[in-house]
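Enquirer: Residue numbers (numbering that gives the first Met the number 0): 0 to 431. Every residue, glycine too, gets a C-beta built ideally from N, C-alpha and C.
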Amino acid sequence: MSRENQRARSFRIPPPKPDEKPPLDEKPRLSEEDYTILVTLALSDYALFCDPDLRRKIDQSEEKFISLPPLLKRHDLPETPVAKAIRTRAVDTLEVRMVLSAPVWSSWNAHGTSKDSRMFDVRRKTPPSSSFSREDWKHRTIYIENIPVQYISIHGIFHLIHTLISGSSTPNPTSDRVQGISFLPHHLDKPGEAPKPKSFSLVTLLNLEDVRLLLQDWTWERTDTSGTSPTTEHEAAVKFGLRVLQKDRWDQLKEKYLAYRGELVDQIAAHQNNAPRPASISKRARSSSPPPQDNALSRDSPFPPDCLIFVKHVHSQTNKTTLRSLFSQAGSEIDYVDFNKGMDTCHLRLATPHDARKLNTWFGERRLTQDTGLDGTGVEGGTTPIEMEIVQGRREELYWDKVPEKVRVQAVDKALGSGSSAQMQKKRQRTR
């Protein structure tokens, strides 16, 4: 055998074993239809309405193209298969082009592959509609629950909902009847973490007729599961107990639930006034001097009292930076904005009790509403103005108990107007 043949055999890759299974952490492969659905939703009228930055980038482009990678970043998708799927499945609605530019040699690694992943641009073949207002989209948004497990994904929900409103098991992945799908954050999700797929989500549709159809066929109190199922999707929806609720009604129920939960917490606190404080707080409170009473602030306080505000009716697609700009209009010093995207509530940690009272009073005298997710000033006269409440009592203790001790120490020092928080923390540790 020649030396060349021996070298070729030594580098030959063995074929996979028939019973070999993929790694457990390997992501499920998506079909061309799934890729097309995700890009279609990313460029829908509703998506452009909710994302002014994306809309501005498209408007500033002479040919209305947008780079493909930013649209795929949220789902961590490969660029080339997505571009291929668009050319195959969305030829009537989307146009994709390859980016031709001189290579930047600094972006190439030692293996001869480029680190610059931008290779394709995409655009809609029809201009987006701007006729719908925020209220119009709100009326077209529904809350769905008990989603069949096999459809718990963005593309899966698209397939399920489109089948239920069209009656076809082979929905068009480029259809604009489904405009947006978003999962809701869970209280166990980490701050800043994207909501994980769950059996409930918000779905935004284009036509009010489709909204009424789903509300009629999949009522919230639905008990009748008899009859034949025209499609596999319909059968799965019946089996898992799918039900639909108008978002306005869901918001009302959520507010009632939060109010009821607050009442329960207050009742528990009333019966536990003489009970020991939570371990992470009571441990800090042990010192040579007795713990502060009646919201008196001292260096031994477990947290700064009366510095926490609960806010309702912020825009669900806003962000911490915008909220800080919005609430800073009152002139109060905001220490931290505790907000999770997708929620219309948040907590604000103020530097001092005076800052909290000042902010609460300032917004109480005005009826400001966030018009968009990037509205950092607010508009007057909205239907759901921003509401605030200074959190006190047991609810306040439960909130601060989840905050890391180092952050609580810094918050107390700031409320006292102390100097270095690190020095004060070392001093406390020496006195324990």
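Measure the beta-carbon distance from residue 85 to residue 98 and round it to whole angstroms, keeping in mind my assumption that it falls under 8 Å.
Expert: Their Cβ separation, rounded to whole angstroms, is 14 Å, which puts residue 85 and residue 98 out of contact at 8 Å.
Enquirer: By alpha-carbon positions, which one of 55, 37, 61, 63 ends up nearest to residue 72?
Expert: When each option's Cα is compared against that of residue 72, the closest is 37.
Enquirer: Give the straight-line distance between the Cα atoms of residue 358 and residue 147, rounded to the nearest whole angstrom.
Expert: Looking at the two C-alpha atoms, the distance is approximately 45 Å.
Enquirer: Under 8 Å: do the region 147–162 and the region 174–181 share three or more Cβ pairs, one atom per stretch?
Expert: In short, these stretches touch, since the Cβ pair count reaches three.
Enquirer: Roughly how many whole angstroms lie between the Cα atoms of residue 40 and residue 136?
Expert: The straight-line gap from Cα to Cα measures roughly 15 Å.
Enquirer: Below 8 Å between beta carbons: does that hold for residue 145 and residue 66?
Expert: No.
Enquirer: Can the beta-carbon of residue 31 be found closer than 8 Å to that of residue 122?
Expert: Taking 8 Å as the Cβ cut-off, residue 31 and residue 122 do not qualify as a contacting pair.
Enquirer: Report buried or exposed for residue 391, applying the criterion of at least 16 other Cβ atoms within 10 angstroms of its Cβ.
Expert: Its Cβ having fewer than 16 others within 10 Å, residue 391 is exposed.
Enquirer: Could you have a look at residue 263 and say whether DSSP puts it in helix, strand or coil?
Expert: Three-state DSSP puts residue 263 in a helix.
Enquirer: What first and last residue would you give for the alpha helix (DSSP H) that runs through residue 90?
Expert: Here residue 90 belongs to no alpha helix (DSSP H), and DSSP marks it neither H nor E.
Enquirer: Flag this pair as yes or no: are the beta carbons of residue 313 and residue 385 separated by less than 8 Å?
Expert: It is a contact, given that the beta carbons lie within the stated cut-off.
Enquirer: Can you list, in chain order, the residues of its chain with a C-beta nearer than 8 Å to that of residue 398? Leave out the 5 residues immediately preceding and following it.
Expert: Result list for residue 398: 307, 346, 390, in chain order.
Enquirer: Quick one: Cα of residue 337 to Cα of residue 167, how far?
Expert: If I take the Cα positions, the gap works out to 43 Å.
Enquirer: Are there 16 or more other CB atoms within 10 angstroms of the CB of residue 412, so buried, or fewer, so exposed?
Expert: Burial call: buried.
Enquirer: Would you tell me roughly how many angstroms separate the C-alpha atoms of residue 320 and residue 372, rounded to the nearest one?
Expert: C-alpha separation (whole angstroms): 11 Å.
Enquirer: Assign residue 414 to one of two classes, buried (16 or more other C-beta atoms within 10 Å of its C-beta) or exposed (fewer than that).
Expert: Looking at its Cβ environment, which holds 16 or more other Cβ atoms inside 10 Å, residue 414 is buried.
Enquirer: Express the C-alpha separation of residue 344 and residue 329 in angstroms, rounding to a whole number.
Expert: So the alpha carbons of these two residues sit roughly 19 Å apart.
Enquirer: Can you round the beta-carbon distance between residue 205 and residue 175 to whole angstroms, since I take them to be within the 8 Å contact cut?
Expert: Indeed, because the Cβ distance is near 5 Å, the residues count as touching under 8 Å.
Enquirer: Given this structure, state the Cα-to-Cα distance separating residue 47 from residue 408, to the nearest angstrom.
Expert: One C-alpha to the other measures close to 43 Å.
Enquirer: Assuming residue 356 and residue 335 form a contact by the criterion Cβ under 8 Å, report the distance between their Cβ atoms to the nearest whole angstrom.
Expert: No, residue 356 and residue 335 are not in contact; Cβ-Cβ is about 18 Å, not under 8 Å.
Enquirer: Where does residue 81 land, buried or exposed, given buried means 16+ other C-beta within 10 angstroms?
Expert: Under this definition residue 81 is a buried residue.
Enquirer: The alpha helix (DSSP H) spanning residue 242 covers which residue range?
Expert: From DSSP, residue 242 is part of no alpha helix (DSSP H) but of the beta strand (DSSP E) over 242–245.
Enquirer: If you draw a straight line from the C-alpha of residue 150 to the C-alpha of residue 362, how long is it?
Expert: Residue 150 and residue 362: Cα-Cα distance of roughly 42 Å.
Enquirer: How about residue 91 and residue 173: do their beta carbons lie closer than 8 Å?
Expert: Their beta carbons are under 8 Å apart, which means residue 91 touches residue 173 by this criterion.
Enquirer: Unbroken alpha helix (DSSP H) runs of length 4 or more, entirely within the region 147–182: which are they?
Expert: List check, alpha helix (DSSP H) in window: 153–165.
Enquirer: What are the complete beta strand (DSSP E) segments, minimum 3 residues, inside the region 307–339?
Expert: If we require 3 residues or more, the beta strand (DSSP E) runs fully inside the region 307–339 come out as 307–311, 333–337.
Enquirer: Just verifying my parser: in three-state terms, what is the DSSP assignment at residue 346?
Expert: Strand, per DSSP.
Enquirer: Return the chain-ordered ranges of every beta strand (DSSP E) run that is complete within the region 384–410 and spans a minimum of 3 residues.
Expert: Counting whole runs of 3 or more residues, the region 384–410 contains the beta strand (DSSP E) stretches 386–389.
Enquirer: Please list the terminal residues of the continuous beta strand (DSSP E) segment that includes residue 202.
Expert: Unbroken beta strand (DSSP E) run through residue 202: 199–204.
Enquirer: Per DSSP, what kind of secondary structure is residue 356 in: helix, strand or coil?
Expert: Helix, per DSSP.
Enquirer: Does residue 364 come out as helix, strand or coil in the three-state DSSP assignment?
Expert: The answer is coil: DSSP assigns residue 364 none of H, G, I, E or B.
Enquirer: Mapping DSSP to helix, strand and coil, what is residue 48?
Expert: Reduced to three states, the DSSP call for residue 48 is helix.
Enquirer: What are the boundary residues of the beta strand (DSSP E) that residue 39 is part of?
Expert: No beta strand (DSSP E) holds residue 39; the alpha helix (DSSP H) holding it covers 31–41.
Enquirer: Using C-beta distances below 7 Å, list every residue in its chain close to residue 51, excluding the 5 sequence neighbours before and after it, in chain order.
Expert: These residues qualify, in order along the chain: 371, 373.
Enquirer: Name the DSSP beta bridge partners of residue 441, please?
Expert: Not covered by the structure: residue 441. The range shown for the chain is 0 to 431.
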